[in-house]
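Under my numbering, think of the first position of the sequence shown as 26, with each following residue one higher.
Glycine included, every Cβ here is placed at the ideal spot set by N, Cα and C.
On a predicted model such as this, the values are computed, not experimentally measured, just so you know.
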Amino acid sequence: MAKKQFKTESKKLLDMMINSVYTHKEIFLRELISNASDAVDKLYFRSLTDSSVTLKKGDYEIRLIPDKAARTLEIRDNGCGMTRDELEQNLGTIARSGSFEFKKAGASGEDGEKVDIIGQFGVGFYSAFMVSDHITVTSRAYGSDETWKWQSSGVDGYTVEQAETGEPGTSVLLRLRPDTEDEKYSEFLEEYRLRSLVSKYSDYIRWPIRMEVTKSRRREGSPDDAPEYEEYREDETLNRMIPIWKKEKSEVTDEEYSVFYQDKFRDFEAPLKVIRQKTEGVSEYVALLFIPARAPYNYYSRDYEKGLQLYSNGVLIMDKCAELLPDHFSFVRGLVDSADLSLNISREMLQHDRQLKLIARALETKIKDELEKMLENERDKYEEFFKAFGTQLKYGLYADYGMHKAVLKDLVLFGTSMSDKPTTLKEYVSRLRDGQDKIYYAAGDSRGQVSRLPQVEAVTGKGYEVLFLTEDVDEFALMMLHEYDGKEFVNVCTEGADIGTDEEKESLKAENEAAKDMLDFIKESVGGDISAVRFTNKLKDHPVCIASEGPVSASMEKTLGRMPGAEQSSIKAEKVLEINAAHPIAERLKALFAEDKEKLADYGRILYANARLISGLPIEDPAAVGELITKLMLDNR
Numbered sequence: 026m027a028k029k030q031f032k033t034e035s036k037k038l039l040d041m042m043i044n045s046v047y048t049h050k051e052i053f054l055r056e057l058i059s060n061a062s063d064a065v066d067k068l069y070f071r072s073l074t075d076s077s078v079t080l081k082k083g084d085y086e087i088r089l090i091p092d093k094a095a096r097t098l099e100i101r102d103n104g105c106g107m108t109r110d111e112l113e114q115n116l117g118t119i120a121r122s123g124s125f126e127f128k129k130a131g132a133s134g135e136d137g138e139k140v141d142i143i144g145q146f147g148v149g150f151y152s153a154f155m156v157s158d159h160i161t162v163t164s165r166a167y168g169s170d171e172t173w174k175w176q177s178s179g180v181d182g183y184t185v186e187q188a189e190t191g192e193p194g195t196s197v198l199l200r201l202r203p204d205t206e207d208e209k210y211s212e213f214l215e216e217y218r219l220r221s222l223v224s225k226y227s228d229y230i231r232w233p234i235r236m237e238v239t240k241s242r243r244r245e246g247s248p249d250d251a252p253e254y255e256e257y258r259e260d261e262t263l264n265r266m267i268p269i270w271k272k273e274k275s276e277v278t279d280e281e282y283s284v285f286y287q288d289k290f291r292d293f294e295a296p297l298k299v300i301r302q303k304t305e306g307v308s309e310y311v312a313l314l315f316i317p318a319r320a321p322y323n324y325y326s327r328d329y330e331k332g333l334q335l336y337s338n339g340v341l342i343m344d345k346c347a348e349l350l351p352d353h354f355s356f357v358r359g360l361v362d363s364a365d366l367s368l369n370i371s372r373e374m375l376q377h378d379r380q381l382k383l384i385a386r387a388l389e390t391k392i393k394d395e396l397e398k399m400l401e402n403e404r405d406k407y408e409e410f411f412k413a414f415g416t417q418l419k420y421g422l423y424a425d426y427g428m429h430k431a432v433l434k435d436l437v438l439f440g441t442s443m444s445d446k447p448t449t450l451k452e453y454v455s456r457l458r459d460g461q462d463k464i465y466y467a468a469g470d471s472r473g474q475v476s477r478l479p480q481v482e483a484v485t486g487k488g489y490e491v492l493f494l495t496e497d498v499d500e501f502a503l504m505m506l507h508e509y510d511g512k513e514f515v516n517v518c519t520e521g522a523d524i525g526t527d528e529e530k531e532s533l534k535a536e537n538e539a540a541k542d543m544l545d546f547i548k549e550s551v552g553g554d555i556s557a558v559r560f561t562n563k564l565k566d567h568p569v570c571i572a573s574e575g576p577v578s579a580s581m582e583k584t585l586g587r588m589p590g591a592e593q594s595s596i597k598a599e600k601v602l603e604i605n606a607a608h609p610i611a612e613r614l615k616a617l618f619a620e621d622k623e624k625l626a627d628y629g630r631i632l633y634a635n636a637r638l639i640s641g642l643p644i645e646d647p648a649a650v651g652e653l654i655t656k657l658m659l660d661n662r
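Okay, structure coming up:
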C-alpha cells in the first residue's frame with residue numbers, strides 16, 4: 026500500500042505542530058477528547074432532523090481504553106464518524122478542520138440553541154504525536170457500511186485502507202513512545218493520571234467520558250475478624266458533564282458552591298462570597314467567582330500567582346489567566362467560560378486580547394459592586410474580608426499613579442479615634458464638624474502607639490476625629506488619593522495640621538521670634554537630621570514631639586527605611602522638634618539658656634530622644650542618651 030504525503034507546504038509544519046505549538050504534552054488528551062466531543066455533537070445535531078439516526082441523547086459516549094501490555098491508549102467515540110474522503114481531508118491536510126466547517130455553517134440545536142463546537146484549527150489531533158510514535162484512526166461514518174483505517178508515524182506520511190466493519194464512530198489508537206530518562210510516557214496509561222487529566226481539562230465536556238477502572242470490594246463470605254478483598258473491573262464516568270456555572274442559580278445550593286470551590290481551588294474553608302455573572306451581547310461569557318475567607322499563606326509574596334481559570338465551551342484553556350483580574354482584586358478565585366474568545370492555534374493562549382479586556386473590565390465592575398453591597402449590608406463579613414485582603418486594596422490605591430482610586434476609594438477601611446471599629450472615608454466625611462475642610466490622620470505601628478501621639482491627643486481634644494494609619498501602605502495610599510469629597514488629607518504630625526485660632530497663631534509666632542536664639546542653639550546642640558526647633562501650642566500636656574515639613578513625613582521615612590536597600594535611600598523627612606510653649610519645660614529651657622548652656626544642650630538632646638521614642642522612631646545612639654540621663658540625675662541630687 027502506497028504511503029501518502031501530507032498536503033502541506035513542507036514536513037516542517039507537522040514537525041512544528043508536534044514539537045513547538047503545545048507547551049505541555051498532557052494537552053494531547055484534551056485535544057483528542059475535544060475532537061471526539063465534536064463528532065458526537067455533529068451526530069446529535071443531525072439526529073434532531075434526521076429520523077435515520079436512532080441514537081438517543083443518553084446513548085452517546087466517549088471512551089478511554091488504556092492497555093499497559095500493548096502500550097496503547099485508545100480514545101473512542103460513537104459520533105458521526107468519517108468517510109474515506111473525510112479522513113483524507115481532515116487528517117491528511119494539516120490545519121483543515123471539519124469542526125470549523127460545521128461551525129461556519131451555523132449549526133443550531135433544539136429550539137434554535139447554538140451548538141458549540143470546540144475545534145477550530147484542525148491541528149489538535151497532531152498533538153498526539155508528542156506522546157505516540159504511531160497513530161491508527163479507525164472510523165465508520167454513521168449511515169455508511171464501510172470502515173476505513175488511517176495510519177501514520179508522523180512526518181513520513183500516512184496510509185488509508187479499508188478495514189473490517191465496526192460500529193459507527195471513530196477510534197484513535199495511540200502507540201505510546203518508549204519511556205526515557207526525562208519523559209515517562211507510560212504515565213498516560215495509568216488510571217489515576219487519565220482520571221486527573223479528564224478532571225483538569227475535560228470535566229465539563231457535555232458527553233460522558235467513560236473508562237473501565239479497577240476497584241476493590243470485600244470478598245463475600247470472608248470472616249469479620251480477617252476480611253479478604255478482591256479486585257474487580259467496573260465502568261466509571263470520569264467527568265461531571267454539566268458545569269455548575271451553567272446551571273440556573275436556583276438549582277445550586279450554597280453548600281454545592283462551597284464543595285465546588287474547595288475541591289476546585291484546594292481551599293479548606295468555604296468561600297466568604299460567591300459571585301455569579303452571565304452576560305450576552307457584545308461579550309458573551311459566564312463567570313463564577315469566589316472571595317476566599319482567608320488569604321493564602323503566600324498571598325503577599327512574589328510566589329503568589331493571580332488569575333482565573335479560563336474555559337472555552339467547558340474546556341479548560343488556561344489554569345490562571347492573569348489578564349482577567351486587576352492586581353487590586355488578585356485575591357478573587359474562580360473561572361470564566363466563553364465561546365467568543367479568539368484562541369491561538371494550540372488553544373493554550375489567546376490570539377487577540379480585545380475580547381479579554383472587555384470581560385476583564387466587566388468583571389472588575391462586578392467585583393467592586395459586590396464588595397460595596399457586602400460593605401453596606403454585611404458589615405461584619407466585610408470587615409472579616411478586609412482583614413485578609415484590605416492591604417491589597419490599599420496597594421491598589423497607590424499603584425499605577427492612582428489610576429484605580431475611583432474604583433477603590435469607597436472600599437478601604439481605616440482605624441479611627443471615634444471607635445474601635447474601622448471606618449470608611451465616606452463615613453468619616455459624614456461626621457465632619459461644621460466648617461471642617463480637612464480629613465485628619467496619624468500614622469504609626471499600632472493603634473495604641475498612634476492614639477498616644479501628642480499631636481493626636483491635641484487634635485482629638487478639640488473634638489476632631491483622626492484616622493489611625495497602622496499599615497506601611499496607608500499613608501502612601503492617602504498621599505496618592507490626595508483628597509476625598511473635596512476634603513484634603515492632613516497628617517496631624519505636620520505643619521498643615523494647625524487648628525489654632527488666628528490669635529493663637531500670632532501669639533505663638535511672636536514667642537518663637539523672641540526665643541529664636543535659644544531655639545537655634547538647641548538645634549545646633551541636637552544636630553542630627555532635624556531642620557528646626559520651635560515652640561508649639563498644640564501639644565496639650567506633652568512637652569515635645571516630632572513634626573514633619575514637606576511631602577515626606579517621619580512615618581513615611583520609617584516605612585521606606587524598612588524596605589530592601591534602604592541603607593542607600595536618600596529620602597528623608599524634614600523633621601522639626603516642637604516644644605510645648607505652655608509646658609513647664611519651656612520655662613526651664615529659657616532659664617538654662619541664660620544660666621547654663623551646657624546643661625541646655627544636654628536637655629535638648631534628651632528631649633529630642635524622647636520625641637523620637639514617642640513617634641516610634643529609633644534612637645541612633647541609645648548609650649549616649651543613657652549617659653546623659655544619668656549625668657542629669659546626678660547633677661540634680
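Leaving out five residues before and five after H507 in sequence, what residues of the same chain have Cβ atoms less than 6 Å from its Cβ? No residues qualify anywhere along the chain.
Considering only residues of the same chain and omitting the five flanking positions on each side of G332, which have a CB-CB separation below 7 Å? Contacts found: K345, C346, A347, L349, L350.
What separation, rounded to the nearest whole angstrom, lies between the Cα atoms of Y69 and F410? Cα-Cα distance, rounded: 47 Å.
Using 8 Å as the cut-off, can you tell me whether the region 431 to 442 makes contact with the region 489 to 496, which would need three or more C-beta pairs spanning the two stretches below that distance? Yes: at least three Cβ pairs fall under 8 Å.
Smallest Cα separation from D459: which of K512, A616, L422, I596? Per the C-alpha coordinates, the member of K512, A616, L422, I596 positioned closest to D459 is K512.
To the nearest angstrom, how far is the alpha carbon of G521 from that of V515? Between G521 and V515, the C-alpha separation is close to 6 Å.
Could you check whether L201 and S241 sit closer than 8 Å to each other, using their CB atoms as the reference points? Using a Cβ distance threshold of 8 Å, S241 and L201 do not count as a contacting pair.
Pick out the complete alpha helix (DSSP H) segments inside the region 275 to 346, 4 residues or longer, and give them in chain order. You should have 279 to 290.
Give, in chain order, every unbroken run of the beta strand (DSSP E) that is at least 3 residues long and sits entirely within the region 363 to 437. Entirely contained in the region 363 to 437, not one beta strand (DSSP E) run reaches 3 residues.
In the DSSP assignment, find the unbroken alpha helix (DSSP H) run with D260 in it and report its ends. Looking at the DSSP string, D260 is not in any alpha helix (DSSP H); the run it does join, the beta strand (DSSP E), is 254 to 262.
Can you tell me whether E612 is buried or exposed, with buried defined as 16 or more other CB within 10 angstroms of its CB? Classification of E612: exposed, given that the 10 Å Cβ count is below 16.
Nearest by alpha-carbon distance to E212: which of R96, T79, Y453 is it? Ranking R96, T79, Y453 by Cα distance to E212 puts R96 first.
State the DSSP-derived secondary structure class of G144, mapped to helix, strand or coil. Low confidence applies here, because G144 scores a pLDDT of 43, under 50, leaving its location unreliable; read the following figure in that light. In this structure, G144 counts as coil in the three-state DSSP scheme.
Quick one, are the C-beta atoms of I639 and C570 less than 8 Å apart? Their beta carbons are under 8 Å apart, which means I639 touches C570 by this criterion.
Of the residues E538, R258, Y633, which one's Cα is nearest the Cα of H567? It is Y633 whose Cα lies nearest to the Cα of H567.
Three-state secondary structure (DSSP) at S241? In the structure shown, S241 adopts extended strand secondary structure according to DSSP, grouped into three states.
When you compare only the Cα positions, how much space is there between L89 and S326? Between L89 and S326, the C-alpha separation is close to 41 Å.
Expressed to the nearest angstrom, what Euclidean distance is found between the alpha-carbon atoms of E309 and K382? So the two alpha carbons sit approximately 13 Å from each other.
When burial is assigned at 16 or more other CB atoms within 10 Å of the CB, is R456 buried or exposed? Exposed, because fewer than 16 other Cβ atoms sit within 10 Å of the Cβ of R456.
Quick one: measure Cβ to Cβ for K600 and I644, integer angstroms, because I've assumed they're closer than 8 Å. Actually they do not touch by this definition, with Cβ atoms about 13 Å apart.
Run through DSSP, which three-state label would Q187 get? In the structure shown, Q187 falls within a strand segment according to DSSP collapsed to helix, strand and coil.
Let me check you understand the geometry: is the CB of E255 closer than 7 Å to at least one non-hydrogen atom of the ligand ADP? Summarising the ligand content, the structure contains no ligands, and the ligand ADP is consequently not present.
Leaving out five residues on either side along the sequence, give the residues of the same chain with a beta carbon under 8 Å from the beta carbon of R587. The residues are D497.
Along the chain, where does the alpha helix (DSSP H) containing T74 start, and where does it finish? Segment: none, T74 is in no alpha helix (DSSP H) and carries neither H nor E.
Thinking E216 and V180 are a contact (beta carbons under 8 Å), I'd like their distance in whole angstroms, please. About 32 Å; that fails the 8 Å criterion.
Go ahead and label V284 buried or exposed: buried means 16 or more other beta carbons lie within 10 angstroms of its beta carbon, across all protein chains shown. Under this definition V284 is an exposed residue.
Identify the residues that DSSP records as bridge partners of V458: which are they? The amino acid at residue 458 is misidentified as Val; the sequence shows Arg. Beta-bridge pairing links R458 to no other residue.
Mind listing, in chain order, the continuous beta strand (DSSP E) runs of no fewer than 3 residues lying wholly within the region 511 to 586? Listed in chain order, they are 512 to 516, 555 to 561, 569 to 574.
Which of helix, strand or coil does DSSP assign to T205? Of the three classes helix, strand and coil, the one that applies to T205 here is coil, per DSSP.
In the DSSP assignment, the alpha helix (DSSP H) including N635 goes from what residue to what residue? The continuous alpha helix (DSSP H) containing N635 extends over residues 622 to 639.
Could you round the C-beta distance between L263 and L98 to whole angstroms and report it? I think they count as a contact, below 8 Å. No, L263 and L98 are not in contact; Cβ-Cβ is about 14 Å, not under 8 Å.
Kindly identify the DSSP beta-bridge partner or partners of H159. Beta-bridge pairing links H159 to R200.
Top-ranked residue by Cα proximity to I604, from D499, K93, L564: Looking at the Cα atoms, L564 is the closest of the given residues.
To the nearest angstrom, how far is the alpha carbon of G641 from that of A424? If I take the Cα positions, the gap works out to 26 Å.
Thinking C-alpha only, which one of V517, W232, G629 is nearest R267? With the sequence shown as reference, residue 267 is identified as Ile, and Arg is not the correct amino acid for it. Of the listed residues, the one whose Cα sits closest to I267 is W232.
In terms of residues, what are the limits of the alpha helix (DSSP H) holding S177? Note, S177: premise wrong, no alpha helix (DSSP H); beta strand (DSSP E) at 172 to 177.
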